[in-house]
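Asker:
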Amino acid sequence: MDSFINILGWIGTVLYLIAYGMVSAKKVEGDSWTYQGLNFIAGAFLIINTLYLRAYPSAGLNIAWVAIAVFTLGQKVWKKNG
Numbered sequence: 022m023d024s025f026i027n028i029l030g031w032i033g034t035v036l037y038l039i040a041y042g043m044v045s046a047k048k049v050e051g052d053s054w055t056y057q058g059l060n061f062i063a064g065a066f067l068i069i070n071t072l073y074l075r076a077y078p079s080a081g082l083n084i085a086w087v088a089i090a091v092f093t094l095g096q097k098v099w100k101k102n103g
């Protein structure tokens, strides 16, 4: 189980870096589905990892990161349907 949790953590880390790199290189916009989707998945994986490791400050940060992604994507859906 430890190996699986560590793999999730590393995948989450890589996804965060890919998302940040894409925005920094202006390949995607900060409110794009790609960027926010990567942040959502990365955050979810890191929430699992940090809660398992009892790294609660990091878990809190990742929960906030996922909440921002959900809020941003929710706004996009709301504007599209509104």
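To convert, take the position in the sequence shown, counting from 1, and add 21; that gives the numbering used here. All C-beta atoms in this analysis are idealised placements derived from N, C-alpha and C, irrespective of residue type, glycine included. It should be emphasised that the depicted structure is a prediction, and the values quoted were computed from it without experimental measurement.
Please state whether DSSP places Leu74 in a helix, a strand or coil.
Answerer: If you number the sequence shown from 1, residue 74 lands on position 53. In this structure, Leu74 counts as coil in the three-state DSSP scheme.
Asker: Under 8 Å by Cβ, that's how I've got Asn60 and Trp86 pegged, so tell me the actual separation to the nearest angstrom.
Answerer: Position 39 of the sequence shown holds residue 60. Position 65 of the sequence shown holds residue 86. Their Cβ separation, rounded to whole angstroms, is 6 Å, which keeps Asn60 and Trp86 in contact under 8 Å.
Asker: Report all residues from its chain with a CB closer than 6 Å to the CB of Thr55; omit the five preceding and five following residues, and keep chain order.
Answerer: Taking the first residue of the sequence shown as 1, we reach residue 55 at position 34. Excluding sequence neighbours, Thr55 sits near Val49.
Asker: Roughly how far, in whole angstroms, is the beta-carbon of Ala80 from the beta-carbon of Ile68, given that I think they are within contact range, below 8 Å?
Answerer: Along the sequence shown, one-based indexing puts residue 80 at 59. Along the sequence shown, one-based indexing puts residue 68 at 47. Indeed they touch by this definition, with Cβ atoms about 6 Å apart.
Asker: Would you tell me roughly how many angstroms separate the C-alpha atoms of Ser45 and Tyr37, rounded to the nearest one?
Answerer: Numbered from its first residue, the sequence shown carries residue 45 at position 24. Numbered from its first residue, the sequence shown carries residue 37 at position 16. Straight-line Cα distance between these residues: approximately 12 Å.
Asker: Just the Cα atoms here: how many angstroms apart are Lys47 and Asn83?
Answerer: Here residue 47 is taken as the residue at index 26 of the sequence shown, counted from 1. Here residue 83 is taken as the residue at index 62 of the sequence shown, counted from 1. C-alpha separation (whole angstroms): 24 Å.
Asker: Can the beta-carbon of Ile39 be found less than 8 Å from the beta-carbon of Phe66?
Answerer: As a working note, residue 39 is residue 18 in the sequence shown. As a working note, residue 66 is residue 45 in the sequence shown. It is not a contact, given that the beta carbons lie outside the stated cut-off.
Asker: Could you name the residues of the same chain whose beta carbon sits closer than 8 Å to that of Asn27, not counting the 5 residues immediately before and after it, in chain order?
Answerer: For the purposes of this step, residue 27 is identified with residue 6 of the sequence shown, where counting begins at 1. Same-chain partners within the cutoff: Asn70.
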